Every structure is written in structure tokens, then in C-alpha cells.
Amino acid sequence: MCKRCSWVNLKNEKYIKYHDEEWGRLLTEDDRLYELLILESFQAGLSWECILNKREHFREAFDNFDIDKVSTYGEAKIAELMENPLIIRNRLKIKAAIKNSRIFKEIVKECGSFYGYLRSFAPEIIYEDFTERTTSPLSDAISADLKKRGMSFVGSTIIYSYLQSMGIINGHSEDCMCYRR
Ligand SMILES: [Zn+2]
10 MCKRCSWVNL
20 KNEKYIKYHD
30 EEWGRLLTED
40 DRLYELLILE
50 SFQAGLSWEC
60 ILNKREHFRE
70 AFDNFDIDKV
80 STYGEAKIAE
90 LMENPLIIRN
100 RLKIKAAIKN
110 SRIFKEIVKE
120 CGSFYGYLRS
130 FAPEIIYEDF
140 TERTTSPLSD
150 AISADLKKRG
160 MSFVGSTIIY
170 SYLQSMGIIN
180 GHSEDCMCYR
190 R
């Protein structure tokens with residue numbers, strides 16, 4: 010039997026697929042990096058599994074995370090999202106997603122891409138399979154910079170989880186079939 014990282018809920022097909030095909034694989038496109046950042050921010054206080062189960066609903070509710078569209082959302086759209094039982098109805102997180110999209114766009118303008126921005130902090134892919142770790146000096150630095158730029162729900166724990174998912178930090182454990190792949 011194939012071994013996987015111990016955190017994977019083997020009863021959830023979505024979670025298995027996410028671990029095998031997405032987690033730790035390098036993501037470089039701005040739209041997808043934006044989507045992941047927002048989903049991670051919605052995770053705050055909840056489990057990633059909960060967010061993953063709702064991901065398709067989030068995509069539908071947020072115009073497939075089109076940064077240009079989300080950045081124009083106003084009060085009417087916020088009210089509509091607050092009425093949607095299929096996503097996480099948290100006003101602060103919804104407002105943060107909109108505000109963060111504007112800052113994300115500024116970073117893309119400044120650095121050429123969000124991936125380029127992230128890589129300016131981490132020239133090399135980092136392999137660290139410390140399961141007990143939830144932050145690192147790298148996530149501390151990126152989190153601090155994003156906060157300084159005005160983003161919300163981008164604490165170091167969220168950013169660490171983000172970097173693991175988008176692949177700059179590869180956290181697959183040594184006994185996992187995806188280890189260093
Ligand atoms: Zn793994």
C-alpha cells in the first residue's frame with residue numbers, strides 16, 4: 010500500500026487527491042496563487058479539510074477567483090456572499106479577501122508576478138518535513154511584509170501552510186510516497 014503523510018484523512022477522496030496531486034507541487038500562476046491565499050485565509054480557525062470540501066462553492070461564489078473581478082466587489086456583493094450557505098460566511102474574512110486582492114494586484118505590478126515576489130524571499134525550494142512546525146523564519150518574514158502592505162488574515166501560520174501547499178516549502182514526510190518528488 011502507498012504511504013502518505015499522516016495528516017491525510019484517508020476517508021476523504023478530495024483530501025487524498027489534494028495531497029497526491031496538489032500539496033507541495035509548485036504553483037506559479039497569479040490567479041491560482043491568489044485563490045490559494047484566500048482559501049488559506051478563510052481556513053483561519055477551521056480545518057483545511059473543511060475549506061477543501063467547499064472549494065468548488067468558493068470558486069463559484071468568487072467568480073473563479075478572478076483577481077480583477079474580486080477587487081471590484083462592493084457592499085452588494087458582500088451581502089450576497091453573506092447569504093451563501095455553501096461558503097464560510099465570515100464578514101471579516103470576506104472583506105479581507107477583497108482588500109487583499111487589491112494589495113495582491115499591487116504586488117504583481119511591482120514584482121512582475123506574485124510567484125516572483127514569493128521567490129524573492131526564498132530563492133531555493135525548502136524541504137522540511139517537521140510535522141510539529143506551524144511557522145518558520147520564512148513565513149514570519151513574508152507574513153510581516155504582507156501585513157505591512159495592508160493585508161489581513163495572513164499570519165505566519167497561514168503563510169506557512171500556504172507555502173507548503175504552493176510548493177516553496179515541500180513538507181511531505183520521509184515515509185510518504187510524495188517525499189521529495
Ligand atoms: Zn505526503
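Each residue of the sequence shown is one higher than the one before, starting from 10 at the first, in our numbering. Cβ atoms here follow ideal geometry from the backbone N, Cα and C, with glycine treated the same way. Just so it is clear, the structure is predicted and the values come from calculations on it, not from any experiment.
Cβ shell of residue i (< 6 angstroms), same chain only, five flanking positions each side left out
{"i": "Ser182", "result": "Cys14, Asp138"}
{"i": "Cys120", "result": "Tyr126"}
{"i": "Arg111", "result": "Ser80"}
{"i": "Glu49", "result": "Ile167, Ser170, Tyr171"}
Beta-ladder partner(s) of residue i, from DSSP
{"i": "Tyr136", "result": "Asn179"}
DSSP state of residue i mapped onto helix, strand, coil
{"i": "Arg111", "result": "helix"}
{"i": "Ile25", "result": "helix"}
{"i": "Glu119", "result": "helix"}
{"i": "Val17", "result": "coil"}
{"i": "Met91", "result": "helix"}
{"i": "Asn99", "result": "coil"}
Residue i: CB within 7 angstroms of a non-hydrogen atom of ligand 1
{"i": "Cys187", "result": "yes"}
{"i": "His66", "result": "no"}
{"i": "Cys120", "result": "no"}
{"i": "Arg142", "result": "no"}
{"i": "Cys14", "result": "yes"}
{"i": "Ser182", "result": "yes"}
Local Cβ density within 10 Å of residue i, reported as buried at 16 or more and exposed below that
{"i": "Asn109", "result": "buried"}
{"i": "Ala85", "result": "exposed"}
{"i": "Gly180", "result": "buried"}
{"i": "Glu89", "result": "exposed"}
{"i": "Cys11", "result": "exposed"}
Same chain, Cβ closer than 8 angstroms to residue i, five either side skipped, listed in chain order
{"i": "Ile87", "result": "Arg100, Ile103, Lys104, Ile107"}
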